[in-house]
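Here is the structure we will look at, set down as structure tokens.
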Amino acid sequence: MNEVSSFITSGFNGVISPMARTTHEVLDGWNLVILAAVLLIVVINKQLYPRHFRQLLSVPGGVSHTNQLLREWTPTKSFIGFSFLASYIAVIALFLQKALVIFSRDVTQYNGFRFFLIVLAFVIGWISVRYIILSIMGWLFRQKEVFHRQTTVDLSISSYSSFVILFVLLLVLYIPNTIFVWVGIGILFVAALTKLILECIETRVYSKMPSFYIFLYFCTLEIIPLVLLLAAGMRYVTNNTVF
Numbered sequence: 120m121n122e123v124s125s126f127i128t129s130g131f132n133g134v135i136s137p138m139a140r141t142t143h144e145v146l147d148g149w150n151l152v153i154l155a156a157v158l159l160i161v162v163i164n165k166q167l168y169p170r171h172f173r174q175l176l177s178v179p180g181g182v183s184h185t186n187q188l189l190r191e192w193t194p195t196k197s198f199i200g201f202s203f204l205a206s207y208i209a210v211i212a213l214f215l216q217k218a219l220v221i222f223s224r225d226v227t228q229y230n231g232f233r234f235f236l237i238v239l240a241f242v243i244g245w246i247s248v249r250y251i252i253l254s255i256m257g258w259l260f261r262q263k264e265v266f267h268r269q270t271t272v273d274l275s276i277s278s279y280s281s282f283v284i285l286f287v288l289l290l291v292l293y294i295p296n297t298i299f300v301w302v303g304i305g306i307l308f309v310a311a312l313t314k315l316i317l318e319c320i321e322t323r324v325y326s327k328m329p330s331f332y333i334f335l336y337f338c339t340l341e342i343i344p345l346v347l348l349l350a351a352g353m354r355y356v357t358n359n360t361v362f
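The following block contains the structure:
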């Protein structure tokens, strides 16, 4: 048998450098833990506080629903109110993180748990500043009852928002497409607009303040921060800076 000569005439003298595998997956195990905890909170509140649960979700139905709720309990000082607010913060922070990951396509830098904590701290700070402003305005104009009405509406709409965003977030985790991210952003915008209208109605009915001033006040409190947040996020994705 004749020996077959090799077709390789020269060796390879270079260095092969390994390349990082590119992936577009945004789902991590801890994401599902957060979503499971949120669903567990909803189930616990539904089972332990069924009346309070229904009353809180009925607030968008009109001023009479808010009156009945506030005669019996104060949402901001209850377990159901605190737990729903915590769920809202966690869901919104996770959604904003995944939105940034999908828009930037940088899984390595933005998809970790540490960056989630940064976004979480930002959301907590944003909501805390908003509540502080509401509290100061209620104290300044001696409208403490208006403050309770505003925070009740805020908590009710935030609860609805977290429920809806939760399902959108599941789609984003398993199908990381910008379409679902924009759907979630649209839901947040509609929620902010609904919150603005309901808070204007509640404040106008109880305080008898001029509607124009109430609208300007809540526009400053609701719409402008949301627009600034979206603009800062887009600038951070494109230019890696918010300034």
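To get the numbering used here, take the position in the sequence shown, counting from 1, and add 119. Just so you know, even glycine gets a beta-carbon here, dropped at the ideal spot from N, CA and C.
Check, Outcome
"Could you pull out every residue in the same chain whose Cβ sits closer than 7 angstroms to the Cβ of phenylalanine 266, ignoring the five residues on either side in sequence?", "Leu253, Ser254 and Gly257"
"Looking at the ligand MG, does it come within less than 7 angstroms of proline 194, judged from the CB to the closest heavy atom?", "The ligand MG is not part of this structure, which contains no ligands at all."
"Rounded to a whole number of angstroms, what is the C-alpha to C-alpha distance between threonine 297 and valine 220?", "10 angstroms"
"For a test of the three-state rule: what should DSSP assign to isoleucine 153, helix, strand or coil?", "helix"
"So, helix, strand or coil for tyrosine 168, using DSSP?", "coil"
"Comparing alpha-carbon positions, which option in Pro179, Leu154 and Trp149 lies nearest leucine 289?", "Leu154"
"May I ask you to verify whether the segment 264-281 touches the segment 179-188, counting CB pairs closer than 8 angstroms and requiring at least 3?", "yes"
"Could you check which residue in Val287, Arg323 and Leu204 has the C-alpha nearest to that of isoleucine 306?", "Val287"
"Where do the ends of the alpha helix (DSSP H) carrying isoleucine 294 lie?", "It is not in any alpha helix (DSSP H) - isoleucine 294 carries neither H nor E in the DSSP assignment."
"Can you give me the start and stop residues for the alpha helix (DSSP H) that leucine 253 sits inside?", "232-259"
"Span of the alpha helix (DSSP H) holding valine 220?", "198-223"
"For a quick check, are the C-beta atoms of leucine 239 and isoleucine 208 less than 8 angstroms apart?", "yes"
"Count the other CB atoms within 10 Å of the CB of glycine 180; is the residue buried (16 or more) or exposed (fewer)?", "exposed"
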